[in-house]
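Mapping of the sequence shown onto the UniProt record's numbering: position 370 corresponds to residue 370, and the numbering continues sequentially without gaps. Beta carbons are placed, not taken as given, at the ideal position from N, Cα and C, and that holds for glycine. Just so you know, these numbers come straight off a predicted model, no measurement behind them.
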Amino acid sequence: MSAEMGVVPRALEESINVSMGTNWSILTNSTGHNASQPAAGDLLADRPSMSMFASMIIVLLMVMTAAYQVLTSIVKMFILTGIASIYLVLFLSTGISSDLDMYSQFYNVISLVGFLIALIIHGRQTEATNRLDFLWKLQATEEKEDMEHLEAYNRKLLANILPVHVAEHFLSSDKNFEDLYHEQCESVCIMFASIPNFSEFYVELEGNNEGVECLRLLNEIIADFDEILGEPQFSYIEKIKSTGSTYMAASGLTKATCDMKDLKHVTAMADYALRIKEQLEYVNQHSFNNFRMRIGINIGPVVAGVIGARKPQYDIWGNAVNVASRMDSTGIVDKIQVTQEMYQILSAKGYPLTCRGSIEVKGKGEMITYFLDGGKTQK
Numbered sequence: 001m002s003a004e005m006g007v008v009p010r011a012l013e014e015s016i017n018v019s020m021g022t023n024w025s026i027l028t029n030s031t032g033h034n035a036s037q038p039a040a041g042d043l044l045a046d047r048p049s050m051s052m053f054a055s056m057i058i059v060l061l062m063v064m065t066a067a068y069q070v071l072t073s074i075v076k077m078f079i080l081t082g083i084a085s086i087y088l089v090l091f092l093s094t095g096i097s098s099d100l101d102m103y104s105q106f107y108n109v110i111s112l113v114g115f116l117i118a119l120i121i122h123g124r125q126t127e128a129t130n131r132l133d134f135l136w137k138l139q140a141t142e143e144k145e146d147m148e149h150l151e152a153y154n155r156k157l158l159a160n161i162l163p164v165h166v167a168e169h170f171l172s173s174d175k176n177f178e179d180l181y182h183e184q185c186e187s188v189c190i191m192f193a194s195i196p197n198f199s200e201f202y203v204e205l206e207g208n209n210e211g212v213e214c215l216r217l218l219n220e221i222i223a224d225f226d227e228i229l230g231e232p233q234f235s236y237i238e239k240i241k242s243t244g245s246t247y248m249a250a251s252g253l254t255k256a257t258c259d260m261k262d263l264k265h266v267t268a269m270a271d272y273a274l275r276i277k278e279q280l281e282y283v284n285q286h287s288f289n290n291f292r293m294r295i296g297i298n299i300g301p302v303v304a305g306v307i308g309a310r311k312p313q314y315d316i317w318g319n320a321v322n323v324a325s326r327m328d329s330t331g332i333v334d335k336i337q338v339t340q341e342m343y344q345i346l347s348a349k350g351y352p353l354t355c356r357g358s359i360e361v362k363g364k365g366e367m368i369t370y371f372l373d374g375g376k377t378q379k
């Protein structure tokens, strides 16, 4: 019984082995190669086709061309159209598309044409956006320049009305417009210069356009005085105003222009008085007139400020201003009359002065005054 049981399994095992061998032979014969190894055709089928590879290269080339920002959209359109046309000619006339059927070839051509149109439209839109952005930036730049020019013009206009340091005060952003602008100035040199005989020169006749030509000449004289103030040595001096034929100026109104050590703002005013006196003589020579100038100078503390809302005006007040005005009104033509305080400073600096003596000054009584005879001399 046991021998029979050993024979049956052995026979079954041989039957299974024979069956498996037969099946393996059939599989081997049908495929032509070992079933445990993949076929070469299967490997080739998994690779990208030649047409797909060429299409990817063309698409990449077209994208790179479309992304190039230096070229205009028209140039890009011609380049992209040329690339697509060359590819389509090669695609249809060579063996690149031999691995594709008719439907796939048609689909490939339509896709490429659609992609070309999309790139052209995108290029046009991008260029339009860039042009519009450029125009906006150009407009913004022009508006900014116009605003800067307008601001500079307003500053210049304000500087013609007010001194520079006062104009900067009003232009500052942290200013309270309700506050009154004023400042105390301890050592200010004030000058009044007038042309007493200008009223005799001014007549309203038909020949001088009813007095306009007289005013034109006065304007030229005042403009010459203003131009002299622009010279570096007179940077300490600030024009206050001109009333009729009287010119008023002051020096030392700010900390930067008030030289308490060397008193340069005082000597600058003396030099300026001599200079405008010479300028008037020059005008007389070229206009065949005989204008005479009378100048008065004083030094002392003043209060400076701006008054007025619609037409603000910068001015200075104080006893020193009144005395300087009296030095002009009580002076002598072609002379520069100064007070005793001015005499002490200028004589120490080497300026020649002559004592006029004691004169009656309204509101001050008797005062000893001096005449400034010339510029600074070397000791």
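Could you please give the first and the last residue of the uninterrupted beta strand (DSSP E) stretch that includes M248? 246-251
Using the DSSP secondary-structure output, state which residues sit across from I195 in a beta bridge.
Paired residue(s): none; I195 is not in a bridge.
Checklist entry - Just checking, does the stretch 278-286 make contact with the stretch 305-323 on the three C-beta pairs under 8 Å criterion? => result no
**Asked** Rounded to a whole number of angstroms, what is the C-alpha to C-alpha distance between I26 and I110?
**Response** Because the pLDDT at I26 is just 38, under 50, the model does not fix this residue reliably, and the point stays unresolved.
Is V321 closer than 8 Å to M293 when the C-beta atoms are compared? no
Next on the checklist: Give me the residue from Y343, G244, Q184 with the minimum Cα distance to I222.
Outcome noted: G244
_Best match in I316, K261, S85, A67 for proximity to I240 [C-alpha to C-alpha]_ = I316
Quick check on the burial criterion: 16 or more other C-beta atoms within 10 angstroms. Buried or exposed for V75? exposed
**Report entry** Collapsed DSSP secondary structure at A39 in the structure displayed
**Finding:** Only weak support is given to the placement of A39: the predicted model assigns it a pLDDT of 44, under 50, and the value that follows is read from those uncertain coordinates. Coil at A39, not helix or strand.
Name the residue from G296, I368, F201 whose alpha carbon lies nearest to the alpha carbon of C355.
-> I368
Notebook entry, point to check: Looking only at its own chain, which residues have a Cβ that is under 8 Å from the Cβ of T377, when we skip the five neighbours before and after it?
Noted result: G350, Y351, P352
| field | Range covered by the alpha helix (DSSP H) that runs through Q337 | value | First-last for Q337: 336-338, but that is the beta strand (DSSP E), not the alpha helix (DSSP H).
I need the DSSP call for E231, collapsed to helix, strand or coil. coil
### Inter-residue CB distance, I297 and C189 (contact presumed, cutoff 8 Å)
7 Å
Original post:
Do the stretch 244-257 and the stretch 228-236 make contact, defined as three or more Cβ pairs closer than 8 Å?
Top reply: yes
N- and C-terminal bounds of the beta strand (DSSP E) containing S303:
Note that residue 303 is Val in the sequence shown, not Ser. Per DSSP, V303 belongs to the beta strand (DSSP E) from 294-307.
Practice task
Determine which residues share a DSSP beta bridge with W317 and list them.
Solution key: V303
* For M367: DSSP bridge partner residues -> I359
Checklist entry - According to DSSP, is I26 helix, strand or coil? => result Note on I26: pLDDT 38, under 50, position unreliable in the model; the coordinate value appears next. Reduced to three states, the DSSP call for I26 is helix.
query: For T243, which beta-bridge partners are listed by DSSP?
result: T246
Should L135 be labelled buried (16 or more other beta-carbon atoms within 10 Å of its own) or exposed?
exposed
Inspect the CB distances between the stretch 62-82 and the stretch 117-124 and report whether three or more fall short of 8 Å.
yes
Residues sharing a beta bridge with V188, DSSP | G300
Burial state of V7, where buried means 16 or more other Cβ atoms lie within 10 Å
Note on V7: pLDDT 39, under 50, position unreliable in the model; the coordinate value appears next. Classification for V7: exposed.
Give me the Cα-Cα distance between S199 and L138, rounded to the nearest whole angstrom.
56 Å
Quiz item: Would the beta-carbon of A270 fall within 8 Å of that of L346?
Solution: yes
Is I276 helix, strand or coil by DSSP? helix
What are the residues that DSSP puts in a beta bridge with H182? G305
Report the residue from E183, Y343, L280 whose alpha carbon sits nearest the alpha carbon of L218.
L280
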